[in-house]
Each structure stands twice: as C-alpha cells, then as structure tokens.
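Before any comments, here is the structure.
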Amino acid sequence: MQLAQAQPFPYSFNLKSTALIIIDMQRDFIEPGGFGETLGNDVSLLQAIVPACKAVLEAWRRTGGLVVHTREAHRADLADCPPAKRGRGNPALRIGDIGAMGRILIAGEPGNQIIPALAPLPGEIAIDKPGKGAFYATGLHERLQQAGITHLLFMGVTTEVCVQTSMREANDRGYDSLLLEDCTESYFPAFKSAAVAMMRAQGAIVGWTATSGELLPALAALPARTQHC
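The opening position of the sequence shown corresponds to residue 0 in numbering that gives the first Met the number 0, with each subsequent residue numbered one higher.
Have a look at this one:
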C-alpha cells in the first residue's frame with residue numbers, strides 16, 4: 000500500500016488497483032490556434048501544467064501502472080453531439096466546423112489528438128468521449144472493473160468542467176479519486192480554485208487533492224515494472 004500526502008488527509012492506494020486518468024490534453028484545448036483559443040481563452044494557462052503532467056506520467060509508466068487517456072470527441076456526422084451542446088455560447092466556430100487544426104472536436108482530426116508530450120503509448124487506453132465526463136457513453140467503468148481498479152489519479156483539463164465531472168462520476172461509481180492540483184488547470188483560475196475546494200470539502204466528499212510533488216515520492220519508492228495491460 001502506498002501513501003501520498005494529500006488534502007484533507009493522506010491518500011492511500013495500491014498500484015495494482017489504481018489507474019492514472021488523463022483528461023482531454025488535446026491540441027484543440029492546449030495549443031495556440033485551437034478551439035480553446037478561438038473561444039477567446041488564454042491557452043498558455045493550460046500549457047503551463049504540461050511539465051508536471053509529463054513528470055507524473057513518466058513516473059507512473061515506470062511503475063507499470065494502468066494509464067487512461069481521454070479525448071472529448073464526436074463522430075464525423077455529429078450524431079453524438081446534441082444541438083444544445085454545439086450551439087452553447089454562440090461561438091464563432093462550432094463543434095464540427097473547420098478550424099486551424101481540422102474539424103473541431105471530431106475524432107481523428109489533428110486538433111483532436113493528445114499533445115505530443117503526453118501522447119498515448121501502445122497498450123495504454125485511449126477513449127473518445129462525447130460528453131464532459133469520462134464515464135458517459137464510453138464503457139470506461141466496465142474496463143476499469145475488468146482490470147480490478149478501485150482508485151483513480153486524475154490530471155488534465157479543464158478543472159471545473161471535464162475533470163470535475165469525471166471525478167464526480169467516479170465518486171458515484173465507488174472509486175477513491177485523487178486530483179493532482181498542479182496537473183490540472185482552467186482558463187479561469189478562480190474556477191479551478193473553487194472546483195478544487197469543492198472536491199476535497201467535507202472530508203473528501205468527491206475526492207482528495209495533492210500536488211505532483213506529494214505523489215512522486217510514493218511512486219519513486221516503487222520498483223520499475225513492465226506496462227500494466
């Protein structure tokens with residue numbers, strides 16, 4: 000059993016029953032010219048977490064732990080994208096429109112890919128999700144159950160939308176979840192702060208939070224292993 004210092008109290012986990020979930024680290028959200036920037040957001044805020052995310056991912060891979068990547072992605076015919084979602088906010092470019100990196104949030108398009116620094120390796124799970132949460136219409140819960148997973152480590156973007164939604168979904172399904180604070184970000188810093196506070200409130204009502212610096216020592220103490228399959 001491993002122990003990481005966390006809030007509101009230490010988080011204990013067993014490597015064999017824990018998965019690292021990386022939410023939507025896609026080019027369209029993080030790189031200049033992507034969908035996030037077309038909405039008027041400062042993508043440099045999200046880019047700033049990439050080094051910490053990479054450090055955790057590399058340490059996790061060294062242990063052989065299960066890795067799951069998600070992408071917010073829709074079918075080319077938009078059959079899985081409700082009109083209410085596509086039109087929300089009245090953006091200049093909508094889901095499915097052609098942007099600087101191909102069709103926005105469409106599976107297989109260049110902008111829909113995970114950024115190179117965190118790209119999935121063979122054997123890692125990569126899931127396209129049509130909603131904000133990682134568990135909605137994806138079969139993720141069933142795959143985690145088959146692998147014997149009970150604990151989840153979360154990082155990715157954005158904190159108050161897809162990350163928080165996924166952690167709440169995980170909580171409802173019985174997982175003990177830890178959010179890595181310096182490995183998640185929002186286009187709106189105040190939203191991140193509020194989301195983090197809500198998730199760990201009332202004795203970890205949704206889950207725990209910690210920094211990568213509080214998790215990495217626990218991972219460094221583990222022996223190197225082959226990749227979890």
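We put the beta carbon where it would ideally sit given N, CA and C, even for glycine.
(Q) With DSSP as the reference, identify every bridge partner of Gly155, one or two as the case may be. (A) Gly155 is bridged to Ile22 and Thr183.
Q: Report the three-state DSSP secondary structure of Arg61 (helix, strand or coil).
A: Helix at Arg61.
Q: Counting only the same chain and skipping the five closest in sequence on each side, list residues whose C-beta sits under 6 Å from that of Ile124.
A: If we look at Ile124 and ignore the five residues flanking it on each side, its Cβ neighbours are Val67.
(Q) Applying the 10 Å Cβ sphere with the 16-neighbour rule, what's the burial state of Tyr135? (A) exposed
Q.
Just verifying my parser: in three-state terms, what is the DSSP assignment at Phe190?
A. Reduced to three states, the DSSP call for Phe190 is helix.
**Q.** Cβ-based burial, Arg26 [other Cβ within 10 Å; buried from 16]
**A.** buried
Q | Cα-Cα separation between Met197 and Glu184, rounded to whole angstroms | A | 15 Å
Q) Exposed or buried, which one is Leu2 when buried takes at least 16 other CB atoms within 10 Å? A) exposed
Q | Which listed residue (Asn170, Ile29 and Arg167) has its alpha carbon closest to that of Leu45 | A | Checking every option, the nearest Cα to that of Leu45 belongs to Ile29.
Q) In terms of residue numbering, what span does the alpha helix (DSSP H) encompassing Thr37 cover? A) Phe34 to Thr37
Q: Assess, as a yes-or-no matter, whether the segment 54-69 is touched by the segment 33-40 under the definition of 3 or more beta carbon pairs within less than 8 Å.
A: no
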